[in-house]
Amino acid sequence: MKAIVSVKRAVDYNVRIQVKPDGSGVVTEGVKHSMNPFDEIAMEEAVRLKEKGKITEIIAVTIGGAKNEETLRTALAFGATRAIHVKDDGGIEPLTAARALAAIFKKEGAQLLIAGKQAIDDDANQTGQMVAGLLDIAQATFAGKVDIEGNKATVVREVDAGLETLEVDLPAVITADLRLNEPRYLKLPDIMKAKRIAIEATTLAELGVTAAPPVKTLKTTPPPSRSKGVMVKTVDELVAALKAKGLA
Amino acid sequence: MSKILVIAEHADGKLNAGVAKVLAAATQIGGEVDIAVFAVDGAAVAAQAAKLAGVAKVLTINNAVNDHPLAATLAPQIAELAGKGYTHVLFPGTTFGKDVAPRTAAKLGVPQISDVMAVHSATSFDRPVYAGNAIVTVEAPAGTLVATVRLASFNAVAETGSAAVEAATVAGAAPAHTRFVKLEAQKSARPDLQSAAKVVSGGRALGSSENFKVIFDFADKIGAGVGASRAAVDSGYVPNDMQVGQTGKIIAPSLYFAIGISGAIQHLAGIKDAKVIVAINKDADAPIFEVADIGLVGDLFTVVPELQSKM
Ligand SMILES: Cc1cc2nc3c(=O)[nH]c(=O)nc-3n(C[C@H](O)[C@H](O)[C@H](O)COP(=O)(O)OP(=O)(O)OC[C@H]3O[C@@H](n4cnc5c(N)ncnc54)[C@H](O)[C@@H]3O)c2cc1C
Ligand SMILES: Nc1ncnc2c1ncn2[C@@H]1O[C@H](COP(=O)(O)O)[C@@H](O)[C@H]1O
């Protein structure tokens, strides 16, 4: 059984984001990028399922510019068996990424897509659900636990009210939440080995995919900054400060 | 003119409090606003929705397949209903909305705007990116506009309306591939984290689920909801539905206590709209003090009980 894992290159989660003074976006040049953290969790889950013999092949897929190759190398170091790079220099939006992933899913006859629940750059939280909708297959988002038995997956989902359990027939899309697992540290030999695996390149056109109508970004601004408050020395001062604001 | 469809999230016969905030966003877009209630029998929920100010009609779509809110079941029904002349389909930015909206957008072949935090026009909105460290103003392309609304950014509309309730029908078949098994909901008598006026959150510093009692006791004294950092949730001190932040709940209480929480950007993303942030941390250099309105350096295990006795 083949599983696809979508992996996106994003500004590293530790980077302090700077908005460009001219409002044209955030500074991404010369800034550390990594695999989107939720995609690391998705990769880890796929590798564990493969180790348990539940799936046989893991195809990592990324859609984006030349630098996304690094992200695929990371996926291969995790243990992806193949890597597909959908080369595109446009600003890839969730619906376009979803169309490309759906096309590859069909072409490969995959049974499972594991995606991150959201990309920490656009924070869209859309792509996995869109793939499931385009393919009319089951979806289990925000997964905190996944069990696969034959062609059924039992997924515990992290929802606002608590934990919801769904049972879905494969093929299905699962999106990974934070507590699904803790991704392994990549070992140097695995990173070296990953360098020798050929990356398969394709394009949206080759996949027969048209880019979605873009949501235009008119401007980017920093959030309103909170002014630095006061430091109090004792609990009594804290209570007094709250009283002054009408909060105690 | 815009014709807006708001999807009513509900559970156990109760309309989700977020729907009244989605209504506020819909009212700012302007035009005619209808609410759709998908349920087995939506009468009770529809009656609550009908009271929200600014609603033209409440549509009930009663069908046995709507027993549990499953994206695979709801998205095709919503897409079909949207096809009846609606320009906008709005969902609350909850785990429900985030699950169902993109599947609906895919069915309609349109992009989605996630987490609308301000409305400029019927097609232009602000939304947060990079954990709220940048705000983008976007312009949606032509076509049905599907969006989720960031609840912390809008105030609920009043319950002064009396909209008509009508039954609507759409083809709705339950896909055989998805089965609801169970929901383990955390039952709590405390105010709901997402709508509480006061919230007390604890972090990794609490050290154990037993110690978290310090937070619960203080919260109960002041009638607050209780939240937590990811580290506290991951360490198993409290359940996942209490996580506040980029990937947990985004909240906007009038008063927020961050206790034994360092103030990582992912945590701050969830509390940017809190009116007053109070931080208690034993490390004077903790980043939480950069955003706190009132900061106190000290050991939470002595400070919090003292605070509890004095408030
Ligand atoms: C993709 C991604 C998404 C994330 N999403 C979220 C999210 O939604 N929400 C979230 O919270 N985090 C999130 N995180 C994690 C985040 O980066 C931090 O790791 C987390 O918030 C840290 O939790 P903490 O502040 O409780 O723990 P720590 O950073 O360990 O801080 C503990 C604090 O307690 C203080 N302390 C210790 N003992 C005492 C004492 N006795 N009295 C007073 N103070 C004391 C310490 O000085 C320290 O500042 C995310 C991370 C990633 C990568
Ligand atoms: N350009 C892309 N390349 C690969 N995967 C993507 C891309 N965009 C989104 N994804 C996947 O979809 C998930 C959710 O992204 P988003 O909908 O943008 O928040 C990510 O965690 C990835 O797994």
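Chains as they are written, first to last, in the working numbering: chain A, 1 to 248; chain B, 249 to 559.
Cβ atoms here follow ideal geometry from the backbone N, Cα and C, with glycine treated the same way.
The structure presented is a predicted model; accordingly, all values stated were derived computationally and were not measured.
- request: Using alpha carbons as the reference points, say which of A:Glu93, A:Leu134, A:Asp123 and A:Pro183 lies closest to Leu113 (chain A).
  value: For the purposes of this step, residue 113 (chain A) is identified with residue 113 of the first sequence, where counting begins at 1. Of the listed residues, the one whose Cα sits closest to Leu113 (chain A) is A:Leu134.
message: Determine, for Tyr485 (chain B), whether the minimum Cβ-Cβ distance to residues of chain A falls below 9 Å.
response: Position 237 of the second sequence, counted from the start, is the residue given in the question as residue 485 (chain B). So, not an interface residue.
6 Å Cβ shell around Ala60 (chain A) - same chain, five flanking residues per side excluded: Working through the first sequence from its first residue, we reach residue 60 (chain A) at position 60. Counting only Cβ-Cβ distances below 6 Å, and skipping sequence neighbours, we find Val5, Val7, Leu72, Ala75, Ala80 and Ala83.
task: Tell me whether Ile277 (chain B) counts as near ligand 2, meaning its Cβ is closer than 8 Å to at least one heavy atom of that ligand.
output: Taking the second sequence and counting its residues from 1, one reaches residue 277 (chain B) at position 29. No; taking the cut-off as 8 Å, the Cβ of Ile277 (chain B) has no heavy atom of ligand 2 nearer than that.
field: Any non-hydrogen atom of ligand 1 closer than 8 Å to His515 (chain B) Cβ
entry: The residue labelled residue 515 (chain B) in the question sits at position 267 within the second sequence. Yes, the Cβ of His515 (chain B) comes within 8 Å of a heavy atom of ligand 1.
query: Nearest chain B C-beta to Pro183 (chain A) closer than 9 Å, yes or no?
result: By one-based count along the first sequence, residue 183 (chain A) stands at place 183. It does not; no Cβ of chain B falls within 9 Å.
message: Tell me which residues pass a beta-carbon proximity test against ligand 1: closer than 5 Å to any heavy atom, given in chain order.
response: A:Tyr13, A:Pro37, B:Gly451, B:Arg452, B:Ala453, B:Ser477, B:Arg478, B:Ala479, B:Gly493, B:Gln494, B:Thr495, B:Gly496, B:Gly508, B:Ile509, B:Ser510, B:Ala512, B:Gln514, B:His515, B:Asn529, B:Lys530, B:Asp531, B:Ala534, B:Asp547 and B:Leu548
message: So, with DSSP's three-state summary, where would you put Met559 (chain B)?
response: As a position in the second sequence, residue 559 (chain B) is number 311, starting the count at 1. Coil, per DSSP.
query: Between A:Thr56, A:Met1, A:Lys54 and A:Asn68, which lies nearest to Lys32 (chain A) when the distance is taken from Cα to Cα?
result: Counting from one through the first sequence, the residue named residue 32 (chain A) turns up at place 32. Of A:Thr56, A:Met1, A:Lys54 and A:Asn68, the residue nearest in Cα terms is A:Asn68.
- prompt: Taking only beta-carbon atoms, is Gln360 (chain B) less than 9 Å away from chain D?
  reply: Among the protein chains of the structure shown, namely A and B, there is no chain D.
Whole-angstrom distance between His368 (chain B) and Asp468 (chain B), CA atom to CA atom: In the second sequence, counting from the first residue as 1, residue 468 (chain B) sits at position 220. In the second sequence, counting from the first residue as 1, residue 368 (chain B) sits at position 120. So the two alpha carbons sit approximately 40 Å from each other.
task: Output, in sequence order along the chain, the residues in the stretch 179-205 of chain A whose CB is closer than 7 Å to any CB in chain B.
output: Arg179
message: Could you check whether Lys305 (chain B) and Ala388 (chain B) sit closer than 9 Å to each other, using their CB atoms as the reference points?
response: For this step, residue 388 (chain B) is matched to residue 140 along the second sequence. For this step, residue 305 (chain B) is matched to residue 57 along the second sequence. Not closer than 9 Å, so no.
message: Across the stretch 103-119 of chain A and the stretch 221-228 of chain A, are there enough close Cβ pairs to call them in contact, namely three or more that are closer than 8 Å?
response: no
- request: Whole angstroms is fine: what's the gap from Val348 (chain B)'s alpha carbon to Ala284 (chain B)'s?
  value: Along the second sequence, one-based indexing puts residue 348 (chain B) at 100. Along the second sequence, one-based indexing puts residue 284 (chain B) at 36. Their Cα atoms are separated by approximately 14 Å.
- request: State yes or no: is the C-beta of Gly341 (chain B) within less than 9 Å of the C-beta of Asn310 (chain B)?
  value: Here residue 341 (chain B) is taken as the residue at index 93 of the second sequence, counted from 1. Here residue 310 (chain B) is taken as the residue at index 62 of the second sequence, counted from 1. For Gly341 (chain B) and Asn310 (chain B), no; Cβs fall outside 9 Å.
- request: Taking Glu93 (chain A) and Pro214 (chain A) to be in contact with their CB atoms under 8 Å, please state how far apart those CB atoms are, rounded to whole angstroms.
  value: Reading the first sequence from its first residue, position 93 is the one you call residue 93 (chain A). Reading the first sequence from its first residue, position 214 is the one you call residue 214 (chain A). Yes, they are in contact, since the Cβ atoms of Glu93 (chain A) and Pro214 (chain A) sit about 6 Å apart, within 8 Å.
message: Please confirm whether Asn125 (chain A) has its beta-carbon closer than 9 Å to some beta-carbon of chain B.
response: As a working note, residue 125 (chain A) is residue 125 in the first sequence. It does: the Cβ of Asn125 (chain A) has a partner Cβ on chain B nearer than 9 Å.
- prompt: Contact between the stretch 374-386 of chain B and the stretch 17-26 of chain A: three or more CB pairs below 8 Å?
  reply: yes
- request: Please check if any C-beta of chain B sits within less than 9 Å of the C-beta of Asp147 (chain A).
  value: In the first sequence, counting from the first residue as 1, residue 147 (chain A) sits at position 147. No, its Cβ sits nowhere closer than 9 Å to a Cβ of chain B.
message: Quick check on the DSSP output: what are the complete alpha helix (DSSP H) runs of length 4 or more inside the stretch 289-332 of chain B, in order along the chain?
response: 291-298 and 319-330
- request: May I ask you to verify whether the stretch 448-468 of chain B touches the stretch 410-424 of chain B, counting CB pairs closer than 8 Å and requiring at least 3?
  value: no
- prompt: In the stretch 1-24 of chain A, which residues sit with their C-beta less than 8 Å from some C-beta in chain B, listed in chain order?
  reply: Val11, Tyr13, Arg16, Ile17 and Val19
message: Strictly below 8 Å CB to CB, what residues from chain B border Val61 (chain A)?
response: As a working note, residue 61 (chain A) is residue 61 in the first sequence. Simply none; closest approach about 17 Å.
query: How would you write the range of the alpha helix (DSSP H) that Asp468 (chain B) sits in, first residue to last?
result: Locating residue 468 (chain B) in the second sequence gives position 220, where the first residue counts as 1. First-last of the alpha helix (DSSP H) with Asp468 (chain B): Lys461 to Ile470.
query: What is the DSSP secondary structure of Leu267 (chain A), reduced to helix, strand or coil?
result: One cannot answer for residue 267 (chain A) here, as it falls past the ends of chain A, which runs 1 to 248.
task: Please determine if the stretch 154-169 of chain A and the stretch 120-134 of chain A are in contact, where contact requires at least 3 C-beta pairs separated by less than 8 Å.
output: no
message: Going by the DSSP bridge assignment, what does Phe505 (chain B) pair with across the sheet?
response: The residue labelled residue 505 (chain B) in the question sits at position 257 within the second sequence. Answer is B:Val448 and B:Val526, bridged to Phe505 (chain B).
query: Closest to Gly450 (chain B) by CA distance: which of B:Leu555, B:Gly508, B:Leu318 and B:Thr321 is it?
result: One-based indexing of the second sequence puts residue 450 (chain B) at position 202. The candidate whose alpha carbon is nearest that of Gly450 (chain B) is B:Gly508.
Exposure label - Ala406 (chain B); buried when at least 16 CB within 10 Å: The residue you call residue 406 (chain B) lines up with position 158 of the second sequence. With fewer than 16 Cβ atoms within 10 Å of its Cβ, Ala406 (chain B) is classed as exposed.
message: Going by DSSP, what residue range makes up the alpha helix (DSSP H) through Phe402 (chain B)?
response: Translated into the one-based positions of the second sequence, residue 402 (chain B) becomes position 154. Where Phe402 (chain B) is concerned, there is no enclosing alpha helix (DSSP H), given that its DSSP letter is neither H nor E.
- request: Would you mind telling me which residues of chain B sit closer than 7 Å to Gly229 (chain A), beta carbon to beta carbon, in chain order?
  value: Within the first sequence, numbered from 1, the residue matching residue 229 (chain A) stands at position 229. Here the neighbours are Ala540, Asp541, Ile542 and Gly543.
Against chain A: residues of the stretch 408-428 of chain B by CB proximity under 9 Å: Pro423, Ala424, His425, Thr426, Arg427 and Phe428
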